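Novice: Before I ask anything, here is the structure I am working with.
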Amino acid sequence: PTGNGNLIMPDLCIYPSPRIVPPPGVPHPGPPPSSPDGNAHARIICEVANFQSTRSLITKCNEWLRESYVRYVIGIKLHSKSKVAKNAQGQWHRAMTAMLWQQGVAQVSEWDFGSYKAGSPTHAPTGCNALGLAQFQINIPVSD
Numbered sequence: 001p002t003g004n005g006n007l008i009m010p011d012l013c014i015y016p017s018p019r020i021v022p023p024p025g026v027p028h029p030g031p032p033p034s035s036p037d038g039n040a041h042a043r044i045i046c047e048v049a050n051f052q053s054t055r056s057l058i059t060k061c062n063e064w065l066r067e068s069y070v071r072y073v074i075g076i077k078l079h080s081k082s083k084v085a086k087n088a089q090g091q092w093h094r095a096m097t098a099m100l101w102q103q104g105v106a107q108v109s110e111w112d113f114g115s116y117k118a119g120s121p122t123h124a125p126t127g128c129n130a131l132g133l134a135q136f137q138i139n140i141p142v143s144d
C-alpha cells in the first residue's frame, strides 16, 4: 500500500503448494480480497530495509497492517556494517533487527539476530550463532 491508492508490486512473492499447506478448515468469512485478476492478496508480508531507515521500515510495515487481509508483517532491518570488527572469516560484523506485527495485536515483537546487537557500542553478541535456535525462530500459524 502506498497510502494514495496506487497499486504496488512485490520484489519477490513466494507461496506454498496446496499439497504442503492445505486451505484452512474454516474458510475466510466472505471472499478474501484479491487483485483485479482474481489472485488472492498476500496475508503474510515481509519488508526488508537495507539502505532505508528503521523509521521508514516501521512506517511501511504499519501501512501494510491497514489492509484487513494482512495477518502478519515481518520487518527486517539490515543495519550498517561495523567497520570496527570482523569475524573469523574476515567478514565485517553486522547488526540485524527483526520485528513482527500481528493484525489486531498492539505489541510488536522485536529481536536482534545479527552478529552483534544493534546500537551496542561494545558490539555485544546476540547469541544467534547457529541454525535452529528457538529464540530466533518465527512461528506463524498457516491456518490463520
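Residue 144 is where the sequence shown ends in the numbering used here, and the numbering goes up by one at each step.
In this text, a Cβ means the ideal position worked out from N, Cα and C, and glycines have one as well.
Since the structure is predicted, the reported quantities are computational estimates derived from the model, not experimental observations.
(1) For K86, is the classification buried or exposed, using 16 other Cβ atoms within 10 angstroms of its Cβ as the cut-off for buried?
(2) Measure the Cβ-Cβ separation of Q107 and Y72 and say whether it is below 9 Å.
(3) Nearest-angstrom Cα distance between G114 and S56?
(4) Please report the distance separating the alpha-carbon of L65 from that of A130.
(5) Run through DSSP, which three-state label would K117 get?
(6) Which term fits C61, buried or exposed, when burial requires 16 or more other beta carbons within 10 angstroms of its beta carbon?
Specialist: Let me lay it out:
(1) exposed
(2) no
(3) 20 Å
(4) 32 Å
(5) coil
(6) buried
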